[in-house]
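Novice: Numbering (the working numbering), first residue to last: 7 to 345.
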Amino acid sequence: MRRPLIVLALTFAVVAAACGGGGDDTTAQESKRTTTTAPPPTAPLTGLPDPDGAAQGRPALTVKVDNLDGEGVRPQSGLDRADVVYEEVTEGDITRFAAIFQSQVPDEVGPIRSVRSIDPDLVTPIGGIFAYSGGAPANVEKLLQAPVNSVDESQAGDAMFRVDTKEAPHNLFGRGQLLLDKGGQPVPPPPLFPYLAEGEAFAGEAIAAFTVGFQAGYAPTYAYDAATRTWRRDIAGTPFVMADGTQIAPTNVIVQFTEYTGGGEGNVLGEGDAWVFSDGQLVRGRWQRPSVDQPAQYVDALSGQPIKLLPGTTWVELLPVLAPVDLVPAAPPAPAPST
C-alpha cells in the first residue's frame, strides 16, 4: 500500500522542481535586460549634440553682414559663431553674408547691412528673426512677406548700436541675445542639411585646398586642417579672422553655382551644379530646390542620393555660374615601407 504513495510524492517533487526552475530562468532573463537612454538632442542647423537642450528653445537668427574689401569693414564680428553662412554676390560683384545663428549666440555681430531680394528666399524654410539695416523698397517689401520677424535699426532699440571706430554705414552692429529676444517661429527651426550618423563616412575626392572664384578681394581659399576636420578660410593668403582674432574655419563648404541678374540678385530656386566639401574631400553634385518653402537639397551627381554632411558649421558659397573653383588635390598617401 505504501508504494503508490511514494510514487505520488515523487511526482509532486518533480513538478515543484520544474516550476522552480522556470522562475529562476525568468529572473536570469530579467537581470540581463539593460536600460537604454535616449541620445541627447542635436542642434538642428549643425547636427552636433545639444546636451543642455539650449538650441531646442531658440528660433533661427539671420543677420545680414557686410564684407566690403576696404573702408575698415574687416575684420567683422560674430561670424565664427554662426551655424550656417551664405555668401552672396551683390552689385559691383562684391559679396555679403547672410549669417544664421541658432546653436550659439554671438555677443556682437556686424557690421549689419541691407537686405537683398535673395535673402527672403534663403530664410523662408527656417523662419525666425532677420536683422538688417534697411534696403530698397521692393526688397524690404519681399522680406515683410516672408515668414520671419524682420528687425531693422528703427525697430531694434538696444539690440543694435553704432560704433565710433568705423565709418557709417559700416558701423552698425547687433547684440545677439537681444535680437533673439525679438522672437520668431518656429522653435526650433527645421534642419537645412542631412548629417552623417556615427560610423558613416564622407567619401569623395581628396582635396587639400580650393579657391572659390569670386572677384579679387573676395575670392576665399579654404585649406583643410585634418586636426580639426575643418576648412581654414583666407583671402589672398591672409587668414580671414574676426575682430577677436578667430579664423573662420567651417566644417563644411558648399559651392552652389548660382544664376545672377545684372543687378547682383541671385536665383536660389530651381536647380544647378553644387560641389560639396567635407572631411578633406569633395563630392560633385547637384542642388535642387523646386519650392521656396523647402531648403535646397544637395544630391550626388552619380547616385542621385542626398549628400550627408559631417556634423558642424557650414558655409554656402553662392558662386556665379561659370566662375572657377580652383582645386589643390591632396598629396597621395606615402607608400608603406618595404619589409
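Just so you know, even glycine gets a beta-carbon here, dropped at the ideal spot from N, CA and C.
Over what stretch of residues does the beta strand (DSSP E) that includes S120 continue unbroken?
Specialist: As a position in the sequence shown, residue 120 is number 114, starting the count at 1. Unbroken run through S120: none, as it is neither H nor E.
Novice: Could you check if P339 is buried or exposed, using at least 16 other CB atoms within 10 Å of its CB as the buried criterion?
Specialist: Reading the sequence shown from its first residue, position 333 is the one you call residue 339. It counts as exposed.
Novice: According to DSSP, is V13 part of a helix, a strand, or is it coil?
Specialist: Stepping through the sequence shown from its first residue, residue 13 is reached at position 7. Since pLDDT at V13 reaches only 36, below the 50 mark, its modelled position is unreliable, and no value is offered.
Novice: Please report the distance separating the alpha-carbon of E211 from that of S284.
Specialist: In the sequence shown, counting from the first residue as 1, residue 211 sits at position 205. In the sequence shown, counting from the first residue as 1, residue 284 sits at position 278. Rounded to the nearest angstrom, the two C-alpha atoms are 10 angstroms apart.
Novice: Distance, Cα to Cα, T320 vs K70?
Specialist: Working through the sequence shown from its first residue, we reach residue 320 at position 314. Working through the sequence shown from its first residue, we reach residue 70 at position 64. When rounded, the distance between both Cα atoms is 16 angstroms.
Novice: According to DSSP, is E265 part of a helix, a strand, or is it coil?
Specialist: Residue numbering aside, residue 265 sits at position 259 when the sequence shown is read from its first letter. DSSP places E265 in strand when its eight states are reduced to three.
Novice: So, does the stretch 81-93 touch the stretch 251-268, judging by three or more C-beta pairs under 8 angstroms?
Specialist: The count of Cβ pairs closer than 8 angstroms, one atom from the stretch 81-93 and one from the stretch 251-268, reaches three, so the stretches are in contact.
Novice: Cα separation between V331 and T217?
Specialist: Locating residue 331 in the sequence shown gives position 325, counting from the first residue. Locating residue 217 in the sequence shown gives position 211, counting from the first residue. Spanning the two alpha carbons is a distance of roughly 6 angstroms.
Novice: Could you give the distance in angstroms between the alpha-carbon of V157 and the alpha-carbon of P175?
Specialist: Here residue 157 refers to the residue found at position 151 of the sequence shown. Here residue 175 refers to the residue found at position 169 of the sequence shown. Approximately 17 angstroms between the Cα atoms of the pair.
Novice: Determine, using beta carbons only, whether G59 and P47 come nearer to each other than 7 angstroms.
Specialist: Numbered from its first residue, the sequence shown carries residue 59 at position 53. Numbered from its first residue, the sequence shown carries residue 47 at position 41. Yes; because the gap between Cβ atoms is below 7 angstroms, this pair is in contact.
Novice: Go through the stretch 156-186 residue by residue and report every complete run of the alpha helix (DSSP H) that reaches 4 residues or more, in order.
Specialist: 159-162 and 182-186
Novice: According to DSSP, simplified to helix, strand and coil, what is K70?
Specialist: The residue labelled residue 70 in the question sits at position 64 within the sequence shown. Strand.
Novice: For T244, does the count of other Cβ atoms within 10 angstroms reach 16, so buried, or fall short, so exposed?
Specialist: Here the question's residue 244 lines up with position 238 in the sequence shown. The residue in question, T244, is exposed, as its Cβ has fewer than 16 Cβ neighbours within 10 Å.
Novice: Please work out which residues of its chain come closer than 7 angstroms, Cβ to Cβ, to G286, disregarding the five sequence neighbours upstream and downstream, and give them in chain order.
Specialist: Numbered from 1 along the sequence shown, position 280 holds the residue referred to as residue 286. Within the same chain, G286 has close Cβ partners A212, I213, Y230, A232 and A336.
Novice: Check whether the Cβ atoms of I124 and E271 lie closer than 7 angstroms to each other.
Specialist: Position 118 of the sequence shown holds residue 124. Position 265 of the sequence shown holds residue 271. For I124 and E271, yes; Cβs fall inside 7 angstroms.
Novice: Entirely within the stretch 196-247 and at least 3 residues each: give me those beta strand (DSSP E) ranges in chain order.
Specialist: 211-218, 226-231 and 236-241
Novice: Does DSSP classify E97 as helix, strand or coil?
Specialist: By 1-based counting over the sequence shown, the position of residue 97 is 91. Note: E97 maps to helix in three-state DSSP.
Novice: Quick test of your reading: T101 and F220, contact by CB under 8 angstroms. State the CB separation rounded to the nearest angstrom.
Specialist: Your numbering for residue 101 matches position 95 in the sequence shown. Your numbering for residue 220 matches position 214 in the sequence shown. Confirmed, Cβ separation roughly 6 angstroms.
Novice: Are there three or more Cβ pairs, one per stretch, closer than 8 angstroms when the stretch 193-204 is compared with the stretch 234-250?
Specialist: no
Novice: Taking Cβ positions, are E159 and M166 nearer each other than 7 angstroms?
Specialist: As a working mapping, residue 159 is identified with position 153 in the sequence shown. As a working mapping, residue 166 is identified with position 160 in the sequence shown. Yes, Cβ-Cβ distance for E159 and M166 is below 7 angstroms.
Novice: Per DSSP, P326 is paired with what?
Specialist: By 1-based counting over the sequence shown, the position of residue 326 is 320. Residue pairing by DSSP puts P326 in a beta bridge opposite T264.
Novice: Does the distance from the C-beta atom of Q110 to that of R87 stay below 7 angstroms?
Specialist: Here residue 110 refers to the residue found at position 104 of the sequence shown. Here residue 87 refers to the residue found at position 81 of the sequence shown. Yes, these two residues count as a Cβ contact at 7 angstroms.
Novice: Around the Cβ of V115, are there at least 16 other Cβ atoms within 10 angstroms (buried) or fewer (exposed)?
Specialist: As a first step, residue 115 is located in the sequence shown; it is residue number 109 there, counting from the start. Buried.
Novice: Report yes or no: do three or more beta-carbon pairs, one from the stretch 183-203 and one from the stretch 49-58, lie closer than 8 angstroms?
Specialist: yes
Novice: If you reduce the DSSP assignment to three classes, tell me which class R290 lands in.
Specialist: The residue given as residue 290 occupies position 284 in the sequence shown. It is a strand residue.
Novice: Could you pull the start and end residues of the beta strand (DSSP E) that P143 belongs to?
Specialist: Locating residue 143 in the sequence shown gives position 137, where the first residue counts as 1. That residue, P143, is in no beta strand (DSSP E); its alpha helix (DSSP H) goes P143 to Q151.
Novice: For the candidate residues D127, I313, G180 and R122, whose alpha-carbon lies nearest to that of V169?
Specialist: For the purposes of this step, residue 169 is taken as the residue at position 163 of the sequence shown. The candidate whose alpha carbon is nearest that of V169 is G180.
Novice: Using CA coordinates, which residue listed in V79, D164 and A144 is at the minimum distance from R119?
Specialist: Indexing the sequence shown from 1 puts residue 119 at position 113. The candidate whose alpha carbon is nearest that of R119 is V79.
Novice: Can you grab the Cα-Cα spacing for the pair D239 / L74, in whole Å?
Specialist: Residue 239 sits at position 233 when you count from the first residue of the sequence shown. Residue 74 sits at position 68 when you count from the first residue of the sequence shown. Residue 239 is actually Arg in this sequence, not Asp. About 16 angstroms.
Novice: Would you tell me roughly how many angstroms separate the C-alpha atoms of P153 and G133, rounded to the nearest one?
Specialist: Working through the sequence shown from its first residue, we reach residue 153 at position 147. Working through the sequence shown from its first residue, we reach residue 133 at position 127. Each residue's alpha carbon lies about 5 angstroms from the other.
Novice: Would P126 and K148 be called neighbours here (beta carbons separated by less than 7 angstroms)?
Specialist: By one-based count along the sequence shown, residue 126 stands at place 120. By one-based count along the sequence shown, residue 148 stands at place 142. Yes; because the gap between Cβ atoms is below 7 angstroms, this pair is in contact.
Novice: Nearest to G268 by CA position, among L184, L288 and P326, is which residue?
Specialist: Here residue 268 is taken as the residue at index 262 of the sequence shown, counted from 1. Taking only the C-alpha atoms, the option nearest G268 is P326.
Novice: Can you name the start and end residues of the beta strand (DSSP E) that A302 belongs to?
Specialist: Taking the sequence shown and counting its residues from 1, the one referred to as residue 302 is at position 296. Careful: A302 lies outside any beta strand (DSSP E) and carries neither H nor E.
Novice: At the level of alpha carbons, what is the spacing between E323 and N155?
Specialist: Working through the sequence shown from its first residue, we reach residue 323 at position 317. Working through the sequence shown from its first residue, we reach residue 155 at position 149. If you take the alpha carbons of E323 and N155, they lie about 25 angstroms apart.
Novice: Would you call L328 buried or exposed, if buried means 16 or more other Cβ atoms sit within 10 Å of its Cβ?
Specialist: Residue mapping note: residue 328 aligns to position 322 of the sequence shown, counting from 1. Looking at its Cβ environment, which holds fewer than 16 other Cβ atoms inside 10 Å, L328 is exposed.
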